[in-house]
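Here is the structure we will look at.
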Amino acid sequence: MENPITEAKKELIQWIKDMEELEDIAELMKIKSRMTSDGKVAEQQPQYVVEDDFDARFAKGISHTEMRRRTIEHVRNLPWK
Numbered sequence: 001m002e003n004p005i006t007e008a009k010k011e012l013i014q015w016i017k018d019m020e021e022l023e024d025i026a027e028l029m030k031i032k033s034r035m036t037s038d039g040k041v042a043e044q045q046p047q048y049v050v051e052d053d054f055d056a057r058f059a060k061g062i063s064h065t066e067m068r069r070r071t072i073e074h075v076r077n078l079p080w081k
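Be aware that the sequence shown starts at 1, since it is given in the UniProt record's numbering, and climbs by one per residue.
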């Protein structure tokens, strides 16, 4: 006969594997965090905002004709034998 705690753990693991809802998983992560904190007091982490600067980076990129010119130049400079 197996330990009832082991059986309960196996059942919970299978239930979590089948879980699809992000909110439920987030709630489980909060519970895990509370259980593993061991009463430690941590400093509040600053919130960093990540900006999506794709348009700015794209504007700084090279043009199609410049890329084509560089590619042709690179191919011509390869050590062909």
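Beta carbons are placed, not taken as given, at the ideal position from N, Cα and C, and that holds for glycine. Computed from a prediction, not measured in an experiment: that's the story for all the values here.
Hey, how far is the Cα of T71 from the Cα of P79?
-> Distance between the alpha carbons of T71 and P79 is about 15 Å.
Provide the residue span of the alpha helix (DSSP H) that contains residue 84, from first to last.
-> This structure cannot speak to residue 84, because the chain is shown only from 1 to 81.
Collapsed DSSP secondary structure at I62 in the structure displayed | When DSSP states are grouped into helix, strand and coil, I62 belongs to the coil group.
Mind checking whether I13 and M19 have CB atoms under 8 Å apart?
-> Contact check for I13 against M19 fails: the beta carbons are separated by 8 Å or more.
E2 versus E11: straight-line alpha-carbon distance, rounded | Between the alpha carbons of E2 and E11 lies a distance of about 13 Å.
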